[in-house]
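In my numbering, the protein residues as written are 30 to 268.
Note that CB positions come from ideal geometry on N, CA and C, so glycine has one too.
Note that the structure is predicted; figures quoted are calculated from it, not measured.
Here's the structure, in structure tokens; my notes come after.
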Amino acid sequence: MEELRKTFHQELEDLRGRVVALGQTVIDTIPRATNVLLSGDLEGADYLVQADDEIDARSLEIEEFCFQELALQSPVAGDLRQLVSIIKISAELERSADLAVNICKAARRIYGHDIDPVLRDLISKMSEQARQLYVATIDAFNTNDAPKAAALDDMDSYLDALHRQFIQEIFESHAREAIDLQVAVQLAVVSRFYERIGDHAVNIAERTRFILTGWVPELKGASRFRARQNDGETPKVIL
């Protein structure tokens, strides 16, 4: 039995290594997608779009391994939290890679159009901040650093501010007829992609905190909802 548990924990470490490696792939993909957008590199766009299949496959393999271990090992406590969390983290990584691919697809749609220097600068800043968020969240997961994971939410505030600034600049650029409407719409969506990548990094950090401390990310919202139910308040449903 002891040997079986030892093997299980070694498999868990190997699994964590695969998660970190997939996270590093996402980290590398963010600036590459940005370069595609800013340089109009259609060949680079095609490469990243096709490479996303490998990321999907690696994410699925991680998820399937977690389900297998849950079924065969009946883990408890920290081991159970880790496997359940890694399933969710794998999905966050896969979705972040999809968003980078979406940036490449947007680059195709606006190919041949110039991007205003101010907007180009803001795109570079959003890209770098999204990358930094991912560097921090993968490092927090890899080193079991709960305080660093808790700091991700504050780091994400800066990316949110850049996103708002970018949208405002698009409005102003379009008002002075410095940007085509189609390009303006595509860039606004791209800005949202960067903002969502940051959100996924924060979600991974929250799952890391859950692994290490048992802290539940949705606990406050769920508690508010249950309190309203106990008070007889009818919940609002937004369709």
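Identify whether residue i lies in helix, strand or coil by the three-state DSSP scheme.
i, result
"serine 88", "helix"
"glutamate 40", "helix"
"asparagine 259", "helix"
"glycine 243", "coil"
"valine 105", "coil"
"aspartate 57", "helix"
"histidine 273", "Nothing about residue 273 can be reported from this structure: the residues present for the chain run from 30 to 268 only."
"glycine 227", "helix"
"isoleucine 116", "helix"
"aspartate 127", "helix"
"isoleucine 233", "helix"
"isoleucine 208", "coil"
"glycine 46", "helix"
"glycine 73", "helix"
Taking the alpha-carbon positions, what's the residue i to residue j distance?
i, j, result
"arginine 255", "phenylalanine 200", "41 Å"
"glycine 69", "proline 246", "39 Å"
"leucine 122", "valine 65", "20 Å"
"arginine 61", "glycine 261", "52 Å"
"asparagine 171", "alanine 178", "11 Å"
"aspartate 209", "serine 186", "29 Å"
"leucine 44", "aspartate 228", "23 Å"
"lysine 35", "glycine 243", "23 Å"
"serine 103", "glutamine 39", "16 Å"
"alanine 139", "valine 212", "Reading off the sequence, residue 139 comes out as isoleucine, not alanine. The alpha-carbon atoms of isoleucine 139 and valine 212 are separated by roughly 6 Å."
"isoleucine 116", "leucine 101", "16 Å"
"glutamate 72", "asparagine 232", "32 Å"
"aspartate 57", "serine 156", "11 Å"
"phenylalanine 37", "isoleucine 91", "15 Å"
Hey, quick one: how far does the alpha helix (DSSP H) through residue i stretch, first residue to last?
i, result
"histidine 203", "175–204"
"aspartate 150", "146–172"
Residue i and residue j: beta carbons closer than 8 Å?
i, j, result
"alanine 180", "arginine 238", "no"
"alanine 135", "valine 218", "yes"
"leucine 128", "isoleucine 226", "yes"
"asparagine 131", "phenylalanine 195", "no"
"arginine 87", "leucine 51", "yes"
"alanine 204", "tyrosine 163", "no"
"leucine 191", "glutamine 158", "yes"
"arginine 160", "isoleucine 240", "no"
"threonine 63", "serine 202", "no"
Count the other CB atoms within 10 Å of the CB of residue i; is the residue buried (16 or more) or exposed (fewer)?
i, result
"glutamate 235", "buried"
"threonine 166", "buried"
"alanine 126", "buried"
"glutamine 215", "buried"
"leucine 188", "buried"
"asparagine 173", "exposed"
"serine 252", "exposed"
Using a Cβ cut-off of 8 Å (strictly closer), state whether residue i contacts chain D.
i, result
"alanine 207", "The question asks about chain D, but that chain is absent: this structure has only one protein chain."
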